[in-house]
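Those letters in the sequence shown? Residues 28 to 549, by the working numbering.
Accompanying notes for the structure given below.
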Amino acid sequence: MNQNCIISAINKESAEYLENFQQNQLLGNEFKQSLSSVIFHSNKQAIAKHTERGKLLVRQRIDLLVDEGTSFLELSSLAAFGQWDNQFPSAGIVTGIGLVEGIQCMIVANDATVKGGTYIKETIKKHVRAQEMAIQNQLPCIYLVDSGGVYLPEQANVFPDRFDFGRVFYNQSKLSAMGLPQISIVMGSCTAGGAYVPAMSDQTIIVKNQGTIFIGGPPLVKAATGEDVSAEELGGAYVHTTISGVADYLAQDDVDAIKICRDLIAQSNQRKAPKIQSFKEPKYAIEELLGIIPITGKKVVHPHEIIARVADGSEFHEFKKSYAPNLVTGFVHICGIQAGIIANNGFLTAEAARKGTHFIELCDQRGIPLLFLQNITGFIVGKTYEHQGIARDGAKMIHAVTNTGVPKITLVTGGSYGAGNYAMSGRAYDPEFLFLWPNSKTAVMGGEQAASVLQTIKNKDQQEEHPLINQFHDESTAYYSTSRLWDDGIIDPLETRKILAQALSIVTNKPINKGAFGVYRM
Ligand code: COA
28 MNQNCIISAI NKESAEYLEN FQQNQLLGNE FKQSLSSVIF HSNKQAIAKH
78 TERGKLLVRQ RIDLLVDEGT SFLELSSLAA FGQWDNQFPS AGIVTGIGLV
128 EGIQCMIVAN DATVKGGTYI KETIKKHVRA QEMAIQNQLP CIYLVDSGGV
178 YLPEQANVFP DRFDFGRVFY NQSKLSAMGL PQISIVMGSC TAGGAYVPAM
228 SDQTIIVKNQ GTIFIGGPPL VKAATGEDVS AEELGGAYVH TTISGVADYL
278 AQDDVDAIKI CRDLIAQSNQ RKAPKIQSFK EPKYAIEELL GIIPITGKKV
328 VHPHEIIARV ADGSEFHEFK KSYAPNLVTG FVHICGIQAG IIANNGFLTA
378 EAARKGTHFI ELCDQRGIPL LFLQNITGFI VGKTYEHQGI ARDGAKMIHA
428 VTNTGVPKIT LVTGGSYGAG NYAMSGRAYD PEFLFLWPNS KTAVMGGEQA
478 ASVLQTIKNK DQQEEHPLIN QFHDESTAYY STSRLWDDGI IDPLETRKIL
528 AQALSIVTNK PINKGAFGVY RM
């Protein structure tokens with residue numbers, strides 16, 4: 028056996044393994060049911076109206092757009108989940124990355140069966156995040172547009188601020204200037220703000236008798252000028268491909284439009300995704316993760332056990348194996364693509380932070396993407412550690428995480444608490460991808476700890492702090508996070524290897540730069 032091959036220490040007969048397995052299966056089922064409730068949402072009337080018009084549903088459109096037999100990496104499917112009385116499944120927009128004619132593309136598709144494809148705060152966050160990922164990973168963008176623009180009752184929360192609706196068009200201009208194709212298919216209404224998505228695109232396709240583009244729809248025109256005009260006459264496919272020139276290609280229907288779009292991408296002179304090389308499968312079954320992920324959230328998962336089920340051949344070339352074991356670092360390949368892993372194995376100590384900083388610099392010098400397996404309660408506290416300067420060493424790692432030029436992928440496998448979230452490449456550190464397992468928790472600290480801190484400060488009795496425990500509990504779940512777009516989606520642990528491989532192939536799509544680091548306090 029290869030000397031780098033991890034030997035698992037798991038006892039599959041143990042009560043702990045069996046209990047974890049059962050509980051994680053339940054969590055997995057809950058996740059699948061939640062996904063299915065947004066994909067097959069219950070507004071049957073809106074779905075019927077949509078399909079009777081001869082239009083395909085949003086995910087059917089994407090299925091036709093991406094290369095046959097390849098898998099579309101859908102992002103943040105549970106955005107807005109549990110909010111808005113669940114009236115905005117997936118926040119009314121589907122985003123994700125897929126291969127089109129062998130080229131990795133970001134796809135942003137409105138779901139017109141959700142309040143006419145209109146935009147609430149989460150819809151905008153999701154659209155803007157997709158474009159930021161396109162900028163980070165240098166991906167062409169395809170917009171399947173079918174939207175009534177801003178969800179009017181929410182206008183004050185979605186219209187004017189820096190990362191509100193206007194950012195969508197700002198990003199389109201920036202992406203176009205970077206030479207990344209911006210292609211729209213107008214598959215339904217594009218009103219007001221929605222009109223600018225196709226108008227700002229490099230090339231626009233419009234579907235006959237379905238697509239319309241106008242700054243103000245017929246009712247607004249009537250109110251403003253008294254003019255009576257039909258939607259088709261005002262801004263239909265014929266108008267825009269023959270009179271105004273706002274669109275460039277006329278399509279007969281959704282299927283025809285998607286075919287034209289695939290041709291445009293094929294002719295866009297973009298880099299094709301590299302062919303996957305041959306690789307070894309892990310020695311251990313991925314299903315075993317279910318018995319390994321602890322259900323209490325307070326137990327450490329030995330990162331080697333995760334790596335053994337994700338890495339090619341379960342091989343892990345460990346760095347500084349015997350030093351600062353609370354942070355595990357080393358090199359792996361996942362489906363043939365190399366990554367440098369940084370994984371928590373307990374709270375962060377000063378030595379662990381220095382080890383992490385060293386390893387980040389190593390990967391940076393060599394252009395190797397970083398994969399953070401985050402399960403962290405925070406930095407170690409106490410007089411001894413403060414005197415040793417834990418804050419200074421933690422700061423080094425945060426500097427390195429911030430300024431490295433190599434791509435970062437973060438997977439939260441357990442807790443994501445306090446400054447540990449920062450040092451381990453949380454959302455504020457711009458990882459190219461951030462995924463969560465369903466069991467994960469994200470918060471400044473645990474509910475019990477927060478209650479006890481407040482109790483100490485305010486000297487209140489324990490009884491009064493109970494609501495805080497519940498509040499922290501509710502606000503730290505993976506569902507709470509993903510609903511608010513603090514991440515790029517919850518993933519099924521059983522899909523971890525597949526999704527990490529996809530993410531790695533996307534982040535290595537572009538040339539990898541070296542970072543420029545700031546002043547490390549010594
Ligand atoms: N704000 C809030 N709600 C809107 C909306 C908007 N801009 N546009 C549509 N909706 C809602 C409708 O009230 C309806 O809600 P319901 O399901 O609770 O009844 C749902 O979305 C579907 O709209 P409907 O008009 O029934 O569907 P449609 O497919 O026939 O038409 C539109 C969709 C988008 C073409 C049409 O609703 C429209 O023109 N909306 C106004 C667009 C506009 O002027 N936007 C300006 C804002 S930038």
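Note that the Cβ used here is the ideal one computed from N, Cα and C, for glycine as well.
Predicted model only: the values in this text are computed from it and were never measured.
For residue i, the three-state DSSP class (helix, strand or coil)
| i | result |
| --- | --- |
| L277 | strand |
| S211 | strand |
| H329 | coil |
| N497 | helix |
| G367 | strand |
| I425 | helix |
| F346 | strand |
| E315 | helix |
| T437 | strand |
| G37 | First, the residue type needs correcting, since residue 37 is Ile and not Gly in the sequence shown. Coil. |
| I539 | coil |
| F58 | helix |
| I518 | coil |
| I130 | strand |
| Q110 | coil |
| Q401 | strand |
| L461 | strand |
| L354 | strand |
Supposed close pair residue i, residue j - CB separation, criterion 8 Å
| i | j | result |
| --- | --- | --- |
| I395 | V433 | 6 Å |
| L207 | L166 | 7 Å |
| K310 | G357 | The pair is not a contact, with the Cβ atoms about 17 Å apart (cut-off 8 Å). |
| A478 | L495 | 5 Å |
| T231 | A274 | 4 Å |
| V65 | L105 | 6 Å |
| F190 | V224 | With a Cβ gap of about 17 Å, F190 and V224 do not count as contacting. |
| M227 | F186 | Contact flag wrong, Cβ pair sits at about 17 Å. |
| A366 | L397 | 7 Å |
| V337 | L202 | That belief does not hold up - the Cβ atoms of V337 and L202 are roughly 32 Å apart, past 8 Å. |
| A136 | I120 | 7 Å |
| F386 | I361 | No, F386 and I361 are not in contact; Cβ-Cβ is about 17 Å, not under 8 Å. |
| A284 | A278 | 3 Å |
| K153 | A183 | About 19 Å; that fails the 8 Å criterion. |
Identity of the residues DSSP links to residue i by a beta bridge
| i | result |
| --- | --- |
| H267 | DSSP lists no partner for H267. |
| A136 | V121 and L171 |
| Q230 | I210 |
| Q199 | Bridge partners of Q199: none, in fact. |
| Q52 | Paired residues: none, contrary to the question. |
| T469 | S443 |
| T504 | K468 |
| V359 | A366 |
| Y146 | V177 |
| T384 | T384 pairs with nothing; no bridge assigned. |
| S216 | T239 |
| F406 | L375 |
| E101 | G123 |
| C32 | E342 |
Proximity test, Cβ basis, 8 Å: residue i and chain D
| i | result |
| --- | --- |
| D138 | This model lacks chain D altogether; it includes just one protein chain. |
Any chance the region 341 to 354 sits against the region 375 to 384, with 3 or more Cβ pairs inside 8 Å? yes
Tell me, please, whether the region 508 to 518 touches the region 457 to 467 by the rule of three or more beta-carbon pairs shorter than 8 Å. yes
Three-pair Cβ contact test at 8 Å for the region 78 to 85 versus the region 531 to 544: no
Between the region 52 to 60 and the region 251 to 269, are three or more C-beta pairs nearer than 8 Å? no
How do the region 161 to 181 and the region 93 to 101 stand: do at least 3 beta-carbon pairs fall below 8 Å, yes or no? No: the two stretches stay apart, fewer than three of their Cβ pairs being nearer than 8 Å.
Between the region 407 to 417 and the region 432 to 452, are three or more C-beta pairs nearer than 8 Å? no
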